[in-house]
Amino acid sequence: MNRIQESMNKIQASEELKKNTLQYLEKQQKEQSPRRGFRIRFVLAACCILAFLLGIGGYSVYIKPVSYISIDVNPSIELGINRFEKVVSVVAYNQDGQDILQHLSLKNISYIQAIDKLLQEESYDKFLTEDSLLIFTVISDRSDTIIEKINTNQDLWLYDALTYTSDKTCMEEAHQHEMSFGKYRVYIELSQYDESITVEDCHGMTIGEMQDRIETCRHEGTENREENQESYQEHHEKHHKNKH
């Protein structure tokens, strides 16, 4: 009431009127204080609950992957990326990858930073030889953007990395076979050229070995088509001569 009293002192009125008015205001304040305090406590409690719910909602949004990147050489490692382009999950699908992740943290940084950090890791770098092949496979509604960022990362130019896209169906099938979806995509491609190849065979092969086998099958297929074409031409020419 100090401020009210100070204000009353400035008012030009009789002392009796000032006294009665001051007493009335004091009475009103006492009557309203409990209600006002309740309202304040209610508002504060509501704000706390709202902040708590927003916190839970914000956290669930943060930890939910919306995009995935499979990084395959021989180590096969998958990164789960949230909508803020931060890595929120990291999974290795073979022993080499598991050994690397034991002493390397890639979470809560951008996927480009995570890729750079992985490539700079000594235990990973030993797999990046002249004969190895580094492949990035992306599953995302924004796959074009992610692939563009990967391809324009100058630190990757040294490795002649290849980039592909895939889908969640492929990822689900891959995980059923305990394989990264990036390596599984290569297996699917290889199986189109070599029907005898199995998932179990590919578990024991590096990405480079699988890609080499694809190229060999392509080359053999090309040679067979050329031989068949030559045989057809020879047969056609011979038939044409005999006819005349």
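Using this note's numbering, read the sequence shown as starting at 1 and increasing by one per residue. For every residue, glycine included, the Cβ atom is placed at its ideal position computed from N, Cα and C.
The C-beta distance from GLU78 to SER180 rounds to 5 Å, short enough to meet the 8 Å contact threshold. In this structure HIS177 touches VAL199 by the C-beta definition: roughly 5 Å separates them, less than 8 Å.
Per the Cβ contact rule, the region 130 to 145 is in contact with the region 181 to 189 (3 or more Cβ pairs under 8 Å). GLY57 has its alpha-carbon roughly 33 Å from the corresponding atom of ILE100.
In the DSSP assignment, GLY80 falls within the beta strand (DSSP E) that extends over 76 to 81. Where ALA92 is concerned, the enclosing beta strand (DSSP E) starts and stops at 87 to 92. The beta carbons of SER67 and ILE81 sit closer together than 7 Å. Residue nearest to ASP194 within the set CYS217, ASP201, TYR93 is CYS217 (criterion: CA-CA distance).
Bounds of the beta strand (DSSP E) holding ILE139 are 135 to 139. When secondary structure is reduced to three states using DSSP, LEU128 falls in the coil class, being assigned neither helix nor strand. The residue from SER143, TYR93, LYS149, ASP72 with its alpha-carbon nearest to that of LEU119 is ASP72.
Burial check for GLY97: the Cβ neighbour count within 10 Å reaches 16 or more, so the residue is buried. In the assembly as shown, ILE63 is an exposed residue. Its beta-carbon has fewer than 16 other beta-carbons within 10 Å. Around the beta carbon of TYR124, 16 or more other beta carbons sit within 10 angstroms, so the residue counts as buried.
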